[in-house]
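>
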Amino acid sequence: MPGPLAPPDASRPLARRLLAPVATLAGVAAAFAYVGAVDPNEPGHYPVCPMLRFAGVFCPGCGGLRSAHAFVHGDLPAALGANALAVVGYGVFVAVMALWLVRVIRGVPMRLTISPVWWWGIGAVLALFTLVRNLPFGSALAP
84 MPGPLAPPDA SRPLARRLLA PVATLAGVAA AFAYVGAVDP NEPGHYPVCP MLRFAGVFCP
144 GCGGLRSAHA FVHGDLPAAL GANALAVVGY GVFVAVMALW LVRVIRGVPM RLTISPVWWW
204 GIGAVLALFT LVRNLPFGSA LAP
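According to my numbering, the sequence shown is numbered sequentially starting from 84.
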């Protein structure tokens, strides 16, 4: 068992420590590559959002595939127009992945704990985004 000052994860080989973050990056890259290759703007490639289909309401994820497609093709204005919150999520993902990789290389375990206040805040942002994009004055946020 490592001492209190030694990084507890440093005893494992670097290649083994890199396995989880690299596999995560590979999975996300594959998903983005697929969405970049198969255009969600053409009907029939992806299922319709059930919330939009049955309730006629844009959920917080509506436009996410179109946003990812535009993002992959380097069209940031179109990506923001399809789902601005998704683009913010891409940035958060990049930051968390960078932190994870740096910590793995240094041999420090990645422990991402989010307090309930943050979870409630994230939920409030998602609810507000959903509400605003479904009202007439927030139509700019609609996909």
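Note that beta-carbon positions come from the ideal geometry of N, C-alpha and C, so glycine has one too.
(1) Can you tell me where the alpha helix (DSSP H) holding G119 begins and where it ends?
(2) Check whether the segment 178–194 and the segment 99–113 are in contact - that is, three or more C-beta pairs closer than 8 angstroms.
(3) What separation, rounded to the nearest whole angstrom, lies between the Cα atoms of V118 and G174?
(4) Whose CA, out of A120, R136 and V140, lies closest to the CA of A151?
(5) DSSP three-state call for G139: helix, strand or coil?
(6) Considering G206, what are the terminal residues of the alpha helix (DSSP H) in which it resides?
(7) Roughly how many angstroms lie between the CA atoms of V131 and A162, to the nearest whole one?
(8) Alpha carbon to alpha carbon, what distance is there between P192 and A169?
(9) By Cβ distance, which residues of its chain are closer than 6 angstroms to R216, with the 5 residues on each side in sequence left out?
(10) F212 and V111 - do their beta-carbons sit closer together than 9 angstroms?
(11) Could you give the DSSP three-state label for M193: helix, strand or coil?
(12) Classify A225 as helix, strand or coil using the three-state DSSP reduction.
(13) Quick check: the Cα distance between W203 and L214, rounded to an integer number of angstroms?
(14) In the structure shown, what three-state DSSP assignment does S94 receive?
Answer, in terms of the structure:
(1) On the sequence shown, position 36 is the one that residue 119 refers to. First-last of the alpha helix (DSSP H) with G119: L97 to A120.
(2) yes
(3) Your numbering for residue 118 matches position 35 in the sequence shown. Your numbering for residue 174 matches position 91 in the sequence shown. Their backbone Cα atoms lie some 18 angstroms apart in a straight line.
(4) Start at 1 with the first residue of the sequence shown, and residue 151 comes out as number 68. Answer by Cα proximity: A120.
(5) As a working mapping, residue 139 is identified with position 56 in the sequence shown. Note: G139 maps to coil in three-state DSSP.
(6) Along the sequence shown, one-based indexing puts residue 206 at 123. Residues P199 to R216.
(7) What you label residue 131 is simply residue 48 of the sequence shown in a count that begins at 1. What you label residue 162 is simply residue 79 of the sequence shown in a count that begins at 1. V131 and A162: Cα-Cα distance of roughly 19 angstroms.
(8) If you number the sequence shown from 1, residue 169 lands on position 86. If you number the sequence shown from 1, residue 192 lands on position 109. Going by the C-alpha atoms only, they are around 28 angstroms apart.
(9) Numbered from 1 along the sequence shown, position 133 holds the residue referred to as residue 216. Excluding residues within five positions, the ones whose Cβ falls inside 6 angstroms are F141, L224 and A225.
(10) What you label residue 111 is simply residue 28 of the sequence shown in a count that begins at 1. What you label residue 212 is simply residue 129 of the sequence shown in a count that begins at 1. No; because the gap between Cβ atoms is not below 9 angstroms, this pair is not in contact.
(11) Position 110 of the sequence shown, counted from the first residue, corresponds to residue 193. Here M193 sits in coil by DSSP.
(12) Counted from its first residue, the sequence shown places residue 225 at position 142. If DSSP states are grouped into helix, strand and coil, A225 belongs with coil.
(13) The residue given as residue 203 occupies position 120 in the sequence shown. The residue given as residue 214 occupies position 131 in the sequence shown. Spanning the two alpha carbons is a distance of roughly 16 angstroms.
(14) Within the sequence shown, the letter at position 11 stands for residue 94. Coil.
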